[in-house]
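S.K.: Residue 3 is where the sequence shown starts when you use my numbering, and the numbers rise one by one after that.
The C-beta atom is built at its ideal place from N, Cα and C for all residues, glycine as well.
Sharing a structure here in structure tokens format.
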Amino acid sequence: MVYLLLLLLLPLLFSFIPLFSGRYSKLLSSFLSFIVLLVTSIFYFHINESFKTLAFYGVDLNIAINYLSYPLVLLVSIVVFAAILYQDPDIEGSYFSYIFFLEFSLFGVFMSQNLFLFYIFWELVLIPSYFMIGRWGGPRKDYTALKFLIYTHVGSVLMLVSIFILAYNYYTIYGNFNFDYSSIFKAIPSGSIYYVVLAGFFLAFFIKLPTVPLHTWAPDVYVESPTTSSMIFSGLLSKMGAYGIFAIFMEFGDPELGWFIVSLGIISLIYASFSALAQRDLKRMVAYASIGHMGFISISIGVYFISHSTLALIGGMFMMFAHGLIIPILFGTVGSVERSTGTRAIRDLGGLTKMMPNLAFLMTGGFLASLGLPGLAGFIAEFSVVVGSWETITYISFLVVFGLVLSASYHIWALQRTIFGPYNNYLGKIGDMIPREFWPMLILFLLVLIFGIFPSPIYNLFLQYSGGVY
Numbered sequence: 003m004v005y006l007l008l009l010l011l012l013p014l015l016f017s018f019i020p021l022f023s024g025r026y027s028k029l030l031s032s033f034l035s036f037i038v039l040l041v042t043s044i045f046y047f048h049i050n051e052s053f054k055t056l057a058f059y060g061v062d063l064n065i066a067i068n069y070l071s072y073p074l075v076l077l078v079s080i081v082v083f084a085a086i087l088y089q090d091p092d093i094e095g096s097y098f099s100y101i102f103f104l105e106f107s108l109f110g111v112f113m114s115q116n117l118f119l120f121y122i123f124w125e126l127v128l129i130p131s132y133f134m135i136g137r138w139g140g141p142r143k144d145y146t147a148l149k150f151l152i153y154t155h156v157g158s159v160l161m162l163v164s165i166f167i168l169a170y171n172y173y174t175i176y177g178n179f180n181f182d183y184s185s186i187f188k189a190i191p192s193g194s195i196y197y198v199v200l201a202g203f204f205l206a207f208f209i210k211l212p213t214v215p216l217h218t219w220a221p222d223v224y225v226e227s228p229t230t231s232s233m234i235f236s237g238l239l240s241k242m243g244a245y246g247i248f249a250i251f252m253e254f255g256d257p258e259l260g261w262f263i264v265s266l267g268i269i270s271l272i273y274a275s276f277s278a279l280a281q282r283d284l285k286r287m288v289a290y291a292s293i294g295h296m297g298f299i300s301i302s303i304g305v306y307f308i309s310h311s312t313l314a315l316i317g318g319m320f321m322m323f324a325h326g327l328i329i330p331i332l333f334g335t336v337g338s339v340e341r342s343t344g345t346r347a348i349r350d351l352g353g354l355t356k357m358m359p360n361l362a363f364l365m366t367g368g369f370l371a372s373l374g375l376p377g378l379a380g381f382i383a384e385f386s387v388v389v390g391s392w393e394t395i396t397y398i399s400f401l402v403v404f405g406l407v408l409s410a411s412y413h414i415w416a417l418q419r420t421i422f423g424p425y426n427n428y429l430g431k432i433g434d435m436i437p438r439e440f441w442p443m444l445i446l447f448l449l450v451l452i453f454g455i456f457p458s459p460i461y462n463l464f465l466q467y468s469g470g471v472y
């Protein structure tokens, strides 16, 4: 279907326009991102469409929209639209060009059905991300951009080694090269080479997720980036790792590996929760909250490897989507707090509901969604993972519950110290969220509410995909 190719290329074509738009770059970028979102939404009725060209040594432009990839393509369109609406219009147009190029690269990651093409798009994501950190980041932007590049590129190189081993093994068996998902995994090697291939994919995906102890790039990137970039990086880049786990890494699953991944997920959940409790910078606390929620994805895939629990698997998939909507709200509202008060220090805040009622509403809603309040999208994901995991990891499931209690603790503590309680008069008279901040956050929160009450439009897509995993 040629329209699928158009969807992939649309953000790439749009990436050139802001460069020549001058002071209208944000207005035009907002309109163009809405067009991408509109076109993406239409594809809900055309899932399982594909487009493929002739192969060259096993590498072809093989893209598709399926039940796993479509929710993530839709998520990218939503978050990019909200982030561009949020952005200060005074920023130079090249920033919006980087955002559109990043959107194009992410579309490619989620739509690729060829492993080498997947790698190319995976690497392309690094280019706009690096410059968005390095040019518009905070005081430690150079260090942070380099750290991000090293971490993610090391994972990428290891993944490339695994891809070439698979391709060579396929060639020795079938006499030709083929990188398509439908073929290359028939040539998974045995013996010690199997573990080399496994390690390459494991490190690439779990660095990007990120999971403890491969997470240390993420807090720095989320904190040093400007608010719009933090929304995009936290909401979307981590989904690359999650998607790689569900679409590719599942081909390597076995029960022993499952227990290891479950352990990493629980460690990530608890470690990130304790780290969040220890933070005094509100934005860094949100960064650790984001990492903690990724632990549920590790738990879900580990449980599936052990017991083939479809409920846990779907819960992890839905967590990708729900987290991608929720975490930008947290970073966006924190950005509004910093712009209005001039600080992110939790000890210097308090009683903001008095001066910033709109912020109080959206920040409270975002934090409650993040801690998994029933009726909001985060609850659906967490509940599915916990219930689906219960029979498999019964004896250690109390650790997951403990992690949930810790998560609720730091969310409520942060709200009490910033939104509620007595107002800190040293802040003086401050203003509420301005329209460019309020409306995109409201849109995201309404989506979190809608998918919390009516999750089936997305949940059922993951359900149909999981039926094809066995």
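Let me confirm a value: residue 223 is counted as buried when at least 16 other C-beta atoms fall within 10 Å, else exposed. Which label applies?
M.R.: Looking up residue 223 in the sequence shown gives position 221. With 16 or more other Cβ atoms within 10 Å, it is buried.
S.K.: Can you find at least 3 beta carbon pairs, one from the stretch 320 to 340 and one from the stretch 360 to 377, that sit closer than 8 Å?
M.R.: Touching, per the Cβ criterion.
S.K.: Could you give the DSSP three-state label for residue 182: helix, strand or coil?
M.R.: Position 180 of the sequence shown holds residue 182. Of the three classes helix, strand and coil, the one that applies to residue 182 here is strand, per DSSP.
S.K.: Return yes when the Cβ of residue 165 is within less than 8 Å of the Cβ of residue 115, no when it is not.
M.R.: As a first step, residue 115 must be located in the sequence shown, where it is residue number 113. As a first step, residue 165 must be located in the sequence shown, where it is residue number 163. No; because the gap between Cβ atoms is not below 8 Å, this pair is not in contact.
S.K.: Do you know how far the Cα of residue 275 is from the Cα of residue 2?
M.R.: No information on residue 2 is available, as it lies outside the stretch 3 to 472 that the chain covers here.
S.K.: Report the residue from 26, 24, 31 and 25 whose alpha carbon sits nearest the alpha carbon of residue 14.
M.R.: Position 12 of the sequence shown, counted from the start, is the residue given in the question as residue 14. The shortest Cα separation from residue 14 among 26, 24, 31 and 25 belongs to 31.
S.K.: Check whether the Cβ atoms of residue 187 and residue 256 lie closer than 8 Å to each other.
M.R.: Within the sequence shown, numbered from 1, the residue matching residue 187 stands at position 185. Within the sequence shown, numbered from 1, the residue matching residue 256 stands at position 254. Contact flag unset, no.
S.K.: Which residue's Cα is closest to the Cα of residue 24: 145, 76, 61 and 98?
M.R.: If you number the sequence shown from 1, residue 24 lands on position 22. For residue 24, the nearest C-alpha among the options comes from 98.
S.K.: If you follow the beta strand (DSSP E) that residue 372 is in, where does it begin and where does it stop?
M.R.: As a working mapping, residue 372 is identified with position 370 in the sequence shown. Looking at the DSSP string, residue 372 is not in any beta strand (DSSP E); the run it does join, the alpha helix (DSSP H), is 359 to 372.
S.K.: Closest to residue 530 by CA distance: which of 160, 135 and 162 is it?
M.R.: Since the displayed the chain opens at 3 and closes at 472, residue 530 lies outside it and no answer follows.
S.K.: I believe residue 67 touches residue 86 by the beta-carbon criterion, under 8 Å. Please report the beta-carbon distance rounded to the nearest angstrom.
M.R.: Position 65 of the sequence shown, counted from the first residue, corresponds to residue 67. Position 84 of the sequence shown, counted from the first residue, corresponds to residue 86. Between residue 86 and residue 67 the Cβ distance is about 23 Å, and since that is not below 8 Å, they are no contact.
S.K.: In the DSSP output, what is residue 111 paired with across the bridge?
M.R.: As a working note, residue 111 is residue 109 in the sequence shown. Answer is none; residue 111 lacks a bridge partner.
S.K.: Taking only three categories from DSSP, how would you classify residue 49?
M.R.: For the purposes of this step, residue 49 is taken as the residue at position 47 of the sequence shown. In this structure, residue 49 counts as coil in the three-state DSSP scheme.
S.K.: Using the three-state DSSP reduction, which class does residue 222 fall into: helix, strand or coil?
M.R.: By 1-based counting over the sequence shown, the position of residue 222 is 220. Three-state DSSP puts residue 222 in a helix.
S.K.: Between the alpha carbons of residue 221 and residue 176, how many angstroms are there, rounded?
M.R.: Locating residue 221 in the sequence shown gives position 219, where the first residue counts as 1. Locating residue 176 in the sequence shown gives position 174, where the first residue counts as 1. Whole-angstrom Cα-Cα distance: 45 Å.
S.K.: Quick one: is residue 100 buried, meaning 16 or more other Cβ sit within 10 Å of its Cβ, or exposed?
M.R.: As a position in the sequence shown, residue 100 is number 98, starting the count at 1. Its Cβ being crowded by 16 or more others within 10 Å, residue 100 is buried.
S.K.: Does the separation of the CB atoms of residue 324 and residue 237 fall below 8 Å?
M.R.: The residue labelled residue 324 in the question sits at position 322 within the sequence shown. The residue labelled residue 237 in the question sits at position 235 within the sequence shown. Not closer than 8 Å, so no.
S.K.: Do residue 228 and residue 138 have their CB atoms nearer than 8 Å?
M.R.: On the sequence shown, position 226 is the one that residue 228 refers to. On the sequence shown, position 136 is the one that residue 138 refers to. Taking 8 Å as the Cβ cut-off, residue 228 and residue 138 qualify as a contacting pair.
S.K.: Extract the residue ranges of the alpha helix (DSSP H) inside the stretch 418 to 459, only unbroken runs of 4 or more that lie entirely within it.
M.R.: Those alpha helix (DSSP H) runs which fall completely within the stretch 418 to 459 and span 4+ residues are 437 to 455.
S.K.: Measuring CB to CB, does residue 420 end up less than 8 Å from residue 370?
M.R.: Along the sequence shown, read from residue 1 onward, the residue named residue 420 stands at position 418. Along the sequence shown, read from residue 1 onward, the residue named residue 370 stands at position 368. Their beta carbons are not under 8 Å apart, which means residue 420 does not touch residue 370 by this criterion.
S.K.: Tell me whether residue 418 is buried or exposed, calling it buried when 16 or more other Cβ atoms sit within 10 Å of its Cβ.
M.R.: Counting from 1 along the sequence shown, the entry for residue 418 is found at position 416. Burial call: exposed.
S.K.: Helix, strand or coil: how does DSSP classify residue 471 here?
M.R.: For the purposes of this step, residue 471 is identified with residue 469 of the sequence shown, where counting begins at 1. Residue placement at residue 471 cannot be trusted, given a pLDDT of 48 that sits under 50; what the coordinates show is reported in the next sentence. Note: residue 471 maps to coil in three-state DSSP.
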